[in-house]
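J.: The structure's right below; bear with me while I get my questions together.
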Amino acid sequence: MKDSPPEIRTVQVTRYVTPLREGGSLPAIVEADDDFLYVLKFRGAGQGIKALIAELISGEIARLLGLRVPELVFAHLDEAFGRTEPDEEIQDLLRFSEGLNLGLHYLSGAITYDALVNTVTPLLASQIVWLDCLVVNVDRTARNTNMLMWHKELWLIDHGAAFYFHHSWPNVEEQAKKPFVQIKDHVLLPKASELEAVDQAFKQILTPERLQAIVALVPDEWLAGEDSPFTTPEENRAAYVTFLETRLAHSEVFINAAQHARKALI
-19 MKDSPPEIRT VQVTRYVTPL REGGSLPAIV EADDDFLYVL KFRGAGQGIK
31 ALIAELISGE IARLLGLRVP ELVFAHLDEA FGRTEPDEEI QDLLRFSEGL
81 NLGLHYLSGA ITYDALVNTV TPLLASQIVW LDCLVVNVDR TARNTNMLMW
131 HKELWLIDHG AAFYFHHSWP NVEEQAKKPF VQIKDHVLLP KASELEAVDQ
181 AFKQILTPER LQAIVALVPD EWLAGEDSPF TTPEENRAAY VTFLETRLAH
231 SEVFINAAQH ARKALI
């Protein structure tokens, strides 16, 4: 694999198009100064900046592994942007989200993945299940698949629920060695019959240097919260890297748990 440092473009939000009233985060479709539409994830939403960090790290890991993820961009929201918004709830959200947010390129015409209609190969199912075990993503269930079909290909979206432990930051290394029990609810688990082969392949790709490069993308301002147990952004980034490296070194734990859960389903 050819190595090149991951890069995230920065755009300026120019127009609020429409809210996507799904869940509590209230993302929206916006237009930016590059004339593209994005699904904007707001720093002022319910889960706050931690959801943006999870989205960024998980999405770029998925991309590095060859999975399809819409382009992620840093989206700057100007101080005066929400002043003309008539909806008070949206106006508050815009006001609390001034500064750097995260956008996903809007896949116009995409439809939600339906396990009863759309076919996924065992290899692709295993790759996605493995990814979600790595980043402890609890939000890829039959009720909410967070996958889209676009131009007959499967795309992954919305990883804001990954790394759920970072809302309280328990012991990172202990957390990394735990099985992922929520995998039993994963919509693709019944098809994930190639987890061991995927584990070997993906661990070769996710070198410490590549993981560090992805985590380094997280802006300092997202790591400077008053509730952070870390003294510096560098310490915070190091905690994410430690979690990922430790989890990879003990991947047999989450592989075995996923395989046992799959046997119970089939």
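Residue numbering for the sequence shown follows our numbering, beginning at -19 and increasing consecutively. Backbone N, C-alpha and C fix where the C-beta goes; we use that ideal spot for every residue, glycine too.
1) What are the start and end residues of the alpha helix (DSSP H) that includes Val116?
2) From the DSSP output, in three-state form, read off Thr226 for me.
3) So Ala34 and Gly140 are supposed to be a Cβ contact under 8 Å. How far apart are they, rounded?
4) Rounded C-beta distance between Ile9 and Tyr86? I'm assuming under 8 Å.
5) Should Pro66 go down as buried or exposed, given a rule of 16 or more other Cβ atoms within 10 Å for buried?
6) Just to confirm before moving on: does the CB-CB distance between Pro7 and Val19 stay below 7 Å?
7) Is Leu168 helix, strand or coil by DSSP?
8) Under a three-way DSSP split, which group does Trp149 fall into?
9) Out of Leu45, Phe22 and Gln155, point me to the one whose CA is closest to Gln107's CA.
10) Tell me which residues share the same chain as Ala95 and place their Cβ nearer than 7 Å to its Cβ, disregarding the 5 neighbours each side in the sequence.
11) What's the C-alpha gap between Gln180 and Ile163?
T.: The short version:
1) Mapped onto the sequence shown, residue 116 falls at position 136. Where Val116 is concerned, there is no enclosing alpha helix (DSSP H), given that its DSSP letter is neither H nor E.
2) Numbered from its first residue, the sequence shown carries residue 226 at position 246. DSSP places Thr226 in helix when its eight states are reduced to three.
3) Translated into the one-based positions of the sequence shown, residue 34 becomes position 54. Translated into the one-based positions of the sequence shown, residue 140 becomes position 160. Confirmed, about 5 Å.
4) Walking along the sequence shown from the start, residue 9 turns up at place 29. Walking along the sequence shown from the start, residue 86 turns up at place 106. Confirmed, about 6 Å.
5) As a position in the sequence shown, residue 66 is number 86, starting the count at 1. So Pro66 counts as exposed.
6) Counting from 1 along the sequence shown, the entry for residue 7 is found at position 27. Counting from 1 along the sequence shown, the entry for residue 19 is found at position 39. Yes. Within cutoff.
7) Translated into the one-based positions of the sequence shown, residue 168 becomes position 188. Here Leu168 sits in coil by DSSP.
8) Numbered from its first residue, the sequence shown carries residue 149 at position 169. Looking at Trp149 - three-state DSSP - the assignment turns out to be coil, as it is neither helix nor strand.
9) Here the question's residue 107 lines up with position 127 in the sequence shown. Looking at the Cα atoms, Leu45 is the closest of the given residues.
10) On the sequence shown, residue 95 is found 115 positions in, with the first residue counted as 1. Result list for Ala95: Ala122 and Val167, in chain order.
11) Taking the first residue of the sequence shown as 1, we reach residue 180 at position 200. Taking the first residue of the sequence shown as 1, we reach residue 163 at position 183. Between Gln180 and Ile163, the C-alpha separation is close to 19 Å.
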